[in-house]
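Asker: Chains as they are written, first to last, in my numbering: chain S, 22 to 285; chain G, -14 to 291.
Glycine included, each C-beta is placed from N, C-alpha and C at the ideal position.
Nothing here was measured: the structure is a model prediction, and the numbers come from that model.
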Amino acid sequence: MKRRSWPLLTILAFGYAFLYVPILLLILYSFNESRLVTVWSGFSLKWYGELLHNRQLLDAAWLSVRIAAVNATVAMVLGTLAANALVRHGRFRGRTGLELLLTAPLVMPDVIIGLSLLLLFVALQESIGWPDGRGFATITIAHITFSMAYVAVVVRARLARMDASLEEAAMDLGARPFGVYRHITLPLIAPALLSGWLLAFTLSLDDLVIASFVAGPGSTTLPMVIYSSVRMGVSPQINALATLVVAIVALAVVIAGFSLRRDR
Amino acid sequence: MGANAIRHPPGQRRLSRLLNIGIPYLWLGLFFLLPFVIVLRISVAEPALAQPPYSLLWEWVEQGLLRIQINLGNFMLIRDDSIYLAAFLNSLWVAFICTLLCLLLGYPMAYAIATAPERRRVILLMLIILPFWTSFLIRVYAWIGILNANGLLNNFLLWLGVIDEPLRILHTQAAVYIGVVYSYLPFMILPLYANLTRLDPTLLEAAADLGCRPFRAFLRVTLPLSMAGIIAGSLLVFIPVVGEFVIPDLLGSPGSLMVGKLLWTEFFSNQDWPLASALAIVLLALLVVPFVFMQRLQQDPDEVQP
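1. Does the distance from the C-beta atom of Pro171 of chain G to that of Ile114 of chain G stay below 8 Å?
2. With which residues is Tyr39 of chain G paired in a DSSP beta bridge?
3. Could you check which residue in S:Leu215, S:His204, S:Leu220 and S:Asp153 has the C-alpha nearest to that of Val235 of chain S?
4. Relative to the C-alpha of Leu29 of chain S, which residue among G:Val161, G:Gly130 and G:Ile98 is closest?
5. If I measure Cβ to Cβ from Arg285 of chain S and keep anything under 8 Å in the same chain, skipping five residues before and after, which residues do I get?
6. Taking Ala127 of chain G as the reference, which of S:Tyr37, S:Ser55, S:Ser256 and S:Ser186 has the closest Cα?
7. Would you identify the three-state DSSP class for Leu272 of chain S, choosing helix, strand or coil?
8. For Leu3 of chain G, name the three-state secondary structure that DSSP assigns.
9. Just list the residues that DSSP pairs Phe64 of chain S with in beta bridges.
10. Mapping DSSP to helix, strand and coil, what is Ile55 of chain G?
11. Just confirm the distance between the C-beta atoms of Ser262 of chain G and Val24 of chain G, as a whole number of angstroms; I'd bet it's less than 8 Å.
12. Which whole-angstrom value is the C-beta distance of Tyr167 of chain G and Phe35 of chain S, which I expect to be below 8 Å?
13. On the criterion of 16 or more Cβ atoms from any shown chain inside 10 Å, does Gly130 of chain G qualify as buried, or is it exposed?
14. Is there contact here, the stretch 178 to 193 of chain S with the stretch 104 to 115 of chain S, by at least three beta-carbon pairs under 8 Å?
15. Step through the CB atoms of chain G and report whether any lies within less than 8 Å of the CB of Asp193 of chain S.
16. Does the structure place the stretch 67 to 74 of chain S close enough to the stretch 260 to 271 of chain S that three or more beta carbon pairs sit under 8 Å?
17. Do the stretch 125 to 135 of chain S and the stretch 225 to 237 of chain G make contact, defined as three or more Cβ pairs closer than 8 Å?
18. Would Ala217 of chain G and Gln283 of chain G qualify as a contact pair, given that the criterion is a beta-carbon distance under 8 Å?
19. What residues from chain S crowd round Leu295 of chain G, counting only those whose CB sits closer than 7 Å?
20. What does His110 of chain S touch in chain G if you count any residue whose Cβ is under 7 Å from its own?
21. Contact criterion: CB-CB distance below 8 Å. Does Glu31 of chain G meet it with respect to chain S?
22. Using a Cβ-Cβ distance cut-off of 8 Å, determine whether Gly237 of chain S contacts chain G.
23. Exposed or buried, which one is Ala13 of chain S when buried takes at least 16 other CB atoms within 10 Å?
24. Where Leu138 of chain G and Leu132 of chain G are concerned, what is the direct C-alpha to C-alpha distance, given to the nearest angstrom?
25. Compare the Cα-Cα distances from Asn56 of chain G to each of G:Ala33, G:Arg153, G:Leu109 and G:Met111 and report the closest residue.
Laid out in structure tokens, this is it:
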């Protein structure tokens, strides 16, 4: 490779600074004693203490985690089925339709998804009596609908890159197709399933707009609590929360990285 | 289909087809496609003081007779009231500017990553994706603390002596641009990176052998060849930003409206579900063109076998 050019490296460095400085400042100021961002008045963990006693926020976080876990699991299964369909079933009738339905949720503005699903739930309730009220189930269904599209992207890429000769060999040796899928294909695409699951989990944990539309009065998720507190202005408690989120994500990425490396 | 199609015995193949194609279709049909039909139906309904707050104008009169009445009032209102037109134009404008800014920052970054030594590429790319995994809402919130009148940026600039009094950045259009570029940059970089790494380096060598200067070679060879990546990345940013709600709401000025925020207000504050639905339909109609373009352009990843 020839020598790298300085302007390019400068832009690269600026880009990474742009991406990371806000997060680092957020973490730094979560340890600030003062309520104001302007002054640094000394190291303190008091915002973490307050966070742990914020009942409303903890309840919301627990609800969000449960929704995210159910969402990620169902979305992983549905996304993988869709990826199987697109990679393994060739030019079936309705293929373009399925591709369209899997791409649209990736770019569709949240307000449209949220509004349309709410109207669906209301219409369903009026006509067949289900869902009876809105909350955990409706938020989870809404999240699965867009998460499965992301899972499908991840798993599809992995399936398409996979070496088909292993499956063919198993087949030649007399293994039945579902056996081949379970014993050969699934282990090979397991890393993609894991990253699909994690992606679906974070997407769900992160969603404010869609959940706001389809949530009922009793179900407040973590982003809704963060949003209403952020609207009131800067709060160091949110900084503390952000720091915990970043720490958990960093840990998960490191663990995933190690497990993937061992996998190779 | 090429190497990946594996021939199963017919019975199991049919079952596998049913599972793999049928189940995702059923789910997306029910929870993604059907809702749009309902939005369309309610966009031509009338608002009412009821629960739910609309009165449908389609009803079954006796003996299976369907009476359809359509209220186009909402669409007429959107056409005639200048606030809605201004919001749509503003949304398109903001999305356009942000896409351009993402491209200006994202292209050189994607290029630098794609031409980096192979073992460094993975970590550089990882660093682009990593912020995406932390909460979007929290990352937008971080900018409130930075752009505030007494925030970190103003303090820093005052300390440097560049400015004498704090700049007003938060709650302006500029803050929206910053927030959007910050949040959507990975969506621009990833397709560009994927495209640039697939580029054949011998083409550039050939250009150099023929006496072409590096920058000119970039303009004549690399840039045109990466056009698919540019368009894909741009649409991945443009389409969702047109309907963005969180960023304009938290960082933008209350005066300049975007459609996403307007829809939110009509729905949550004014309880006007039919008008919110009509706004969603118009927004959807606007986005169909770039979406179909994106879908057309996308090459089937399963067809590209090395």
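Answerer: A quick look at the data gives this:
1. Taking 8 Å as the cut-off, the Cβ atoms of Pro171 of chain G and Ile114 of chain G count as close.
2. G:Pro32
3. S:Asp153
4. Taking Leu29 of chain S as reference, the option from G:Val161, G:Gly130 and G:Ile98 with the minimal CA-CA separation is G:Ile98.
5. In this prediction, Arg285 of chain S has a pLDDT of 48, which is less than 50 and means its spatial position is unreliable; what the coordinates show is noted afterwards. Closer than 8 Å at Cβ, skipping near neighbours: no residue.
6. The shortest Cα separation from Ala127 of chain G among S:Tyr37, S:Ser55, S:Ser256 and S:Ser186 belongs to S:Ser256.
7. helix
8. helix
9. S:Asn53
10. In the three-state reduction of the DSSP assignment, Ile55 of chain G falls in the coil class, being assigned neither a helical nor a strand state.
11. Yes, they are in contact, since the Cβ atoms of Ser262 of chain G and Val24 of chain G sit about 5 Å apart, within 8 Å.
12. By a beta-carbon distance limit of 8 Å, Tyr167 of chain G does not contact Phe35 of chain S. Their separation comes to about 13 Å.
13. buried
14. Yes: at least three Cβ pairs fall under 8 Å.
15. So, not an interface residue.
16. yes
17. yes
18. Going by C-beta atoms, Ala217 of chain G is nearer than 8 Å to Gln283 of chain G.
19. Chain G is shown only over -14 to 291; residue 295 of chain G falls outside these bounds and no answer can be derived.
20. Arg2, Asn5 and Ile6
21. No - not a single Cβ of chain S is within 8 Å of the one on Glu31 of chain G.
22. no
23. This structure cannot speak to residue 13 of chain S, because chain S is shown only from 22 to 285.
24. 6 Å
25. G:Ala33
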